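Report on the following structure.
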């Protein structure tokens with residue numbers, strides 16, 4: 002129900018536009034191809050729209066509009082918190098008012114406008130984070146908290162709980178995990194709202210990969226640097 006504010010995908014965007022237009026909340030999406038058979042990218046789509054007299058909008062535009070008028074995350078707790086992996090932190094508990102899922106942000110230091118904040122967006126996975134079911138991932142949480150504690154500026158680790166994550170029984174039975182388990186920032190619409198509530202604008206993102214931050218600018222967030230899971234600069 003949250004559309005692009007929860008997941009910044011084209012499917013969600015199509016339904017959102019129909020709903021905002023007062024029509025049936027449904028849509029049909031398709032890929033537009035170039036003459037050479039390659040998939041059209043934004044510059045190609047702009048040229049296509051101009052050629053055929055079509056209006057064009059981006060997911061970032063839609064997010065920016067909905068963000069100005071809607072909010073699906075509320076802070077329900079703010080308390081001091083110490084961890085064996087570092088600290089002291091402030092623990093912020095947030096609730097997604099659409100699906101009821103609760104998420105946690107551990108904040109170190111004072112987040113200030115104009116100064117980049119070290120950020121780790123972590124999709125909680127019981128089998129991986131607690132049992133060590135996925136290679137190497139069992140160390141991600143302590144690595145992130147230690148790196149943020151050692152950082153000389155403000156830092157945030159956001160723990161996102163996904164109710165649609167593959168079931169524990171399937172994981173432990175050896176069923177191949179879906180590719181979406183190791184999600185990119187494009188699935189962190191809820192996390193983006195949490196970061197905004199905390200006052201984050203410019204981010205140094207800590208990640209084992211460099212996901213494509215689709216439509217992130219629609220939330221007013223900007224990636225200014227990257228670090229690996231040990232906190233080493235990868236910019």
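Numbering (the working numbering), first residue to last: 2 to 236. Every residue gets a Cβ at the ideal spot worked out from N, C-alpha and C, and that includes glycine. Note that this is a predicted model, so its numbers are computed, not measured.
Query	Result
Give the DSSP bridge partners of residue 105, in chain order.	94, 160
I'd like to confirm the pairing. Which residues does DSSP put opposite residue 123 in its beta bridges?	160
Let me know if residue 127 comes out buried or exposed under the rule of 16 or more other beta-carbons within 10 Å of its beta-carbon.	exposed
So, using beta-carbon positions, are residue 121 and residue 158 closer together than 7 Å?	yes
Could you compute how far the alpha carbon of residue 195 sits from the alpha carbon of residue 54?	39 Å
What residue from 155, 91, 87 has the CA that sits closest to residue 117's CA?	155
With DSSP run on the structure shown, which of helix, strand or coil describes residue 206?	strand
For residue 57, I'd like the list of residues in its chain whose CB is within less than 8 Å of its CB, leaving aside the five on either flank, ordered along the chain.	46, 47, 50
Determine, using beta carbons only, whether residue 95 comes closer than 7 Å to chain B.	Annotation note: the requested chain B is absent from the structure, which comprises a single protein chain.
Would residue 39 be called buried (16 or more neighbouring beta carbons within 10 Å of its own) or exposed?	exposed
Please return the same chain residues whose Cβ sits closer than 6 Å to the Cβ of residue 6, not counting the five positions on each side in sequence.	67, 73, 190
Are there 16 or more other CB atoms within 10 angstroms of the CB of residue 208, so buried, or fewer, so exposed?	buried
Taking the beta carbon of residue 228 as the centre, do at least 16 other beta carbons fall within 10 Å, making it buried, or is it exposed?	buried
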